[in-house]
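Following: one structure in structure tokens, then a few remarks.
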Amino acid sequence: MDYSSLIAKRRDRFAELEEAVGDPGLFADPKRATELLREHRKLKQSLDLWAKLQSTRRQLADNQELAKSEDAEFAAMAAEEIPGLEAGVTSLADELQYALLPADPNEDRDALIEIRAGAGGDEASLFAGELMRAYQRYADIRGWKCEHLESSPSEVGGFKEVILKVTGDEVFRHLKYESGVHRVQRVPATETQGRVHTSTVTVAVLPEAEEVDVEIKQEDLRIEVCRSGGAGGQHVNRTESAVQIFHLPTGIYVRCEEGRSQIKNREIAMQILRTKLYEQKLRSQQDAYSSHRRSLIGSGDRSEKIRTYNFPQSRITDHRIGFTSHNLGAVMAGDFAEFTRELQAAEMHDRLAEAGM
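Put into structure tokens, the structure is as follows:
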């Protein structure tokens, strides 16, 4: 496909943005500044991809010509590089195609990951803890920062619920596919008959909201402080450091008791509340998506089974795209790249079809 006309329009827009981001008064409007800087970065990536694609195409054409040389050794060297260059052209063209699609404004955002034990009792809570550690390792692999915001440990060493905050480059773009029900099939350590049990864990990945995204009125909040209910010794027991916030118009309830500081817990609780309100706002816009794409990106629906982890067969199946891998150990060690890549490809195919590309 010839992208020349699209690239020309983006060059014109990039020139406008270069002028806008250089304006000393840019940050007078924080929301506009954030949007312009994101658009500027995305456009620069697209134009850089186009330049690299054009360069690789020229190199491929040169090698194809040199491969016809009468100098057999020279021709062989040129021919040897052709398959790699052809693969490079295909890969760059695919990347460019995706980059030229209308941008999802949430892809660059940081994310909150809510992990909750579902059906299966203790075994579900243990797997919730294992998934949490897998996401933490994934964040380490990608160079992201992973922060533990809130948790409710189980008696067997797992978690009934845990909330993580992940910050870095394009966090939501890569983590958004994890929303839904994760089913685990394995023999629990306490099982004496060797029977395989099935448990579930629900995951919701939410794009972190900024203060400019949602307006929270003070009169809409009921904020209470209370003693922490978790472990922590005498200090926690004698200070009212836990904070719980009720958002009266929506009924959303948030509690944070992770830290010893009431101020810090209130700050974290407001951050979680803001993100939940933003998620609610996004849900109302999801009807604009095709049903297929909505299932791929994950709506956070806790009734939708998205993936099965079968430990006896070292098999993981993603039910949204019918993709199966036998690399379970690597995934639980934080390597989600294979699944993310397949899900991104499926989403890109659907988005290209919607855009008529």
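Numbering (this note's numbering), first residue to last: 1 to 357. We put the CB at the ideal spot given by N, CA and C, even for glycine.
Nearest-angstrom Cα separation, counted from residue j out to residue i
i: I82; j: F74; result: 13 Å
i: L248; j: I268; result: 19 Å
i: V236; j: A242; result: Its pLDDT being 41, under 50, V236 is placed unreliably by the model, and nothing is read from it.
i: E279; j: Q59; result: 46 Å
i: I216; j: R274; result: 8 Å
i: A33; j: P24; result: 11 Å
i: A337; j: E147; result: 21 Å
i: R11; j: Q45; result: 12 Å
i: L149; j: M270; result: 12 Å
i: A330; j: R109; result: 26 Å
i: R344; j: R351; result: It is Gln, not Arg, that sits at residue 344 in the sequence shown. Near 10 Å, if we compare the C-alpha coordinates of R351 and Q344.
i: E219; j: E16; result: 41 Å
i: I163; j: A128; result: 11 Å
Where residue i falls: helix, strand or coil (DSSP)
i: L101; result: coil
i: A209; result: coil
i: P312; result: coil
i: P24; result: coil
i: L149; result: strand
i: H40; result: helix
i: H326; result: coil
i: Q234; result: With a pLDDT of 41 at Q234, under the threshold of 50, the modelled position of that residue is not reliable, and the figure given next carries that caveat. If DSSP states are grouped into helix, strand and coil, Q234 belongs with the helices.
i: L352; result: helix
Given residue i as reference, the closest of the options once Cα atoms are compared
i: V166; options: L206, A93, L343; result: L206
i: K276; options: I245, I306, I263; result: I245
i: L328; options: T200, F339, T340, R315; result: R315
i: E161; options: E258, P24, D350; result: E258
i: P30; options: D213, T90, Y138; result: D213
Assigned exposure category for residue i - 16 Cβ within 10 Å defines buried
i: H326; result: exposed
i: A117; result: buried
i: S55; result: exposed
i: G61; result: Here residue 61 is Ala; the residue named in the question, Gly, does not match the sequence. Exposed.
i: S290; result: Residue placement at S290 cannot be trusted, given a pLDDT of 48 that sits under 50; the coordinates are not used to answer.
i: V225; result: exposed
Same chain only: Cβ atoms within 6 Å of residue i, ignoring 5 sequence neighbours per side
i: S69; result: A75
i: E210; result: none
i: A20; result: L36
Neighbourhood of residue i by C-beta distance below 8 Å, restricted to the same chain and skipping five residues each side
i: W50; result: Y3, I7, L96
i: L131; result: I115, H182, V201, V203
CB contact below 8 Å: residue i versus chain C
i: A33; result: Judged by its chain identifiers, the structure shown contains no chain C, having just a single protein chain.
Close beta carbons around residue i, own chain, < 7 Å, minus the five adjacent residues each side
i: R238; result: Reliability fails at R238, whose pLDDT of 47 lies under 50, so the model's placement of it is uncertain and the value that follows must be treated cautiously. Excluding residues within five positions, none has a Cβ falling inside 7 Å.
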